[in-house]
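What follows is one structure encoded as C-alpha cells, with my remarks underneath.
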Amino acid sequence: DSGVTQTPKHLITATGQRVTLRCSPRSGDLSVYWYQQSLDQGLQFLIQYYNGEERAKGNILERFSAQQFPDLHSELNLSSLELGDSALYFCASSGRVGSTDTQYFGPGTRLTVL
Amino acid sequence: AQSVAQPEDQVNVAEGNPLTVKCTYSVSGNPYLFWYVQYPNRGLQFLLKYITGDNLVKGSYGFEAEFNKSQTSFHLKKPSALVSDSALYFCAVRDGRGSGNTGKLIFGQGTTLQVKP
Numbered sequence: 001d002s003g004v005t006q007t008p009k010h011l012i013t014a015t016g017q018r019v020t021l022r023c024s025p026r027s028g029d030l031s032v033y034w035y036q037q038s039l040d041q042g043l044q045f046l047i048q049y050y051n052g053e054e055r056a057k058g059n060i061l062e063r064f065s066a067q068q069f070p071d072l073h074s075e076l077n078l079s080s081l082e083l084g085d086s087a088l089y090f091c092a093s094s095g096r097v098g099s100t101d102t103q104y105f106g107p108g109t110r111l112t113v114l
Numbered sequence: 001a002q003s004v005a006q007p008e009d010q011v012n013v014a015e016g017n018p019l020t021v022k023c024t025y026s027v028s029g030n031p032y033l034f035w036y037v038q039y040p041n042r043g044l045q046f047l048l049k050y051i052t053g054d055n056l057v058k059g060s061y062g063f064e065a066e067f068n069k070s071q072t073s074f075h076l077k078k079p080s081a082l083v084s085d086s087a088l089y090f091c092a093v094r095d096g097r098g099s100g101n102t103g104k105l106i107f108g109q110g111t112t113l114q115v116k117p
C-alpha cells in the first residue's frame, strides 16, 4: 500500500458526461501528479499541483481540469467525455517539488466511457 | 527533450534464471531514473531509483538496476526470477533538473515480464 488513495476504483459513464476523480496524497506530501494510462498512448503525464498551485501541465485536454484543495487532496474533472477518454487514471504524490523524492502511485481509477 | 525507451515489449524467462529488462534514456544533464512495476489491475509500485553515486542500485523484491552512463542505459536485473515477478515493468526518467523543474515522470512504453515455472 503506497499510502495514496483514489476514488472511485471504477467509473462507467456515457459520452458527453462529466466525472470527477479524487486523490488523497500520502501524509505530508505536497505534490500531486495525474497520469493517464491507455493502450495507445501508454503512461502520460497530465498535470501537477504543488501545495495548492498548478505547477506543470502535460498532455491534458482542455476538457480536463484539476485542482488541489487546502487539505492537499486533488480532484481531476473530465467533461464532455468521449470514447477515447476511456483509460486508467493514476494519481501520484511526492514530497518537495524539484527534489529527488520518489513519486508513489495510487491504485488508479478505471474510466469506461460507453 | 527527455525520453526513455524500452526496446522489448515482452521478456520471457524460466523461473530460477536471471532476468534483465532493458531501458535506455536520453536526457540533457545528469539523469534521475526510476523503475516501477504494475501487476494486473493494480497501481504502479516503486522498485528503485538512481539519483547519483553507485552505478548498481538495489531495490525492492531482490531487483537491482545498473546505471551505465556511456551506454545511456538503466537495465533492471534480478539474479533468480520468480513466477510472481510476472508483471508489466516501466522505466521512467524525471523531467528537468535544477530549480523550476517539476519532477514529472516520463515513462517508457513498458515491458511485460513472463516468468514460466
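Here the protein sequences line up with chains Y and X, keeping their order. With this note's numbering, letter number 30 in the first sequence gets 30, and the count goes up by one each step, no holes. With this note's numbering, letter number 41 in the second sequence gets 41, and the count goes up by one each step, no holes. Backbone N, C-alpha and C define an ideal beta-carbon position, used for all residues, glycine too.
Min CB distance residue 16 of chain X to chain Y below 8 Å: The beta carbon of residue 16 of chain X sits no closer than 8 Å to any beta carbon of chain Y.
Residue 35 of chain Y beta carbon less than 8 Å from that of residue 21 of chain Y: At the C-beta level, residue 21 of chain Y and residue 35 of chain Y stay beyond 8 Å of one another.
Residues within the region 7 to 39 of chain X neighbouring chain Y, beta-carbon criterion of under 7 Å: Contacts with chain Y (Cβ-Cβ distance below 7 Å) from the region 7 to 39 of chain X involve 32, listed in chain order.
Close beta carbons around residue 115 of chain X, own chain, < 7 Å, minus the five adjacent residues each side: Only 13, 15, 81, 82, 83, 85 and 86 meet the Cβ criterion.
Proximity below 8 Å, CB of residue 10 of chain X to CB of residue 111 of chain X: Cβ atoms of residue 10 of chain X and residue 111 of chain X: closer than 8 Å.
Distance, residue 39 of chain Y Cα to residue 88 of chain X Cα: Separation of residue 88 of chain X and residue 39 of chain Y (C-alpha to C-alpha, rounded to the nearest whole angstrom) is 13 Å.
Beta carbon proximity, residue 88 of chain X to chain Y, threshold 8 Å: Nearest CB-CB separation between residue 88 of chain X and chain Y: not below the 8 Å threshold.
Close Cβ partners of residue 7 of chain Y (< 6 Å) along its chain, the five nearest in sequence each way excluded: Cβ within range, chain order: 22.
Boundaries of the beta strand (DSSP E) in which residue 50 of chain Y is found, first to last residue: Following the DSSP letters along the chain, one finds residue 50 of chain Y inside the beta strand (DSSP E) bounded by residues 42 to 50.
Cβ shell of residue 78 of chain X (< 6 Å), same chain only, five flanking positions each side left out: Excluding positions up to five away in sequence, the list reads 19, 62 and 63.
Where residue 2 of chain Y falls: helix, strand or coil (DSSP): Three-state DSSP puts residue 2 of chain Y in coil, outside helix and strand.
Residue nearest to residue 51 of chain X in terms of C-alpha spacing, selected from X:8, X:44, X:60 and X:30: Between residue 51 of chain X and the set X:8, X:44, X:60 and X:30, the nearest pair of CA atoms involves X:30.
Buried/exposed call for residue 25 of chain Y, threshold 16 Cβ in 10 Å: Per the 10 Å Cβ criterion, buried.
Check whether residue 109 of chain X and residue 95 of chain Y have beta carbons under 8 Å apart: Going by C-beta atoms, residue 109 of chain X is not nearer than 8 Å to residue 95 of chain Y.
Enclosing beta strand (DSSP E) for residue 91 of chain Y [first to last residue]: Residues 87 to 94.
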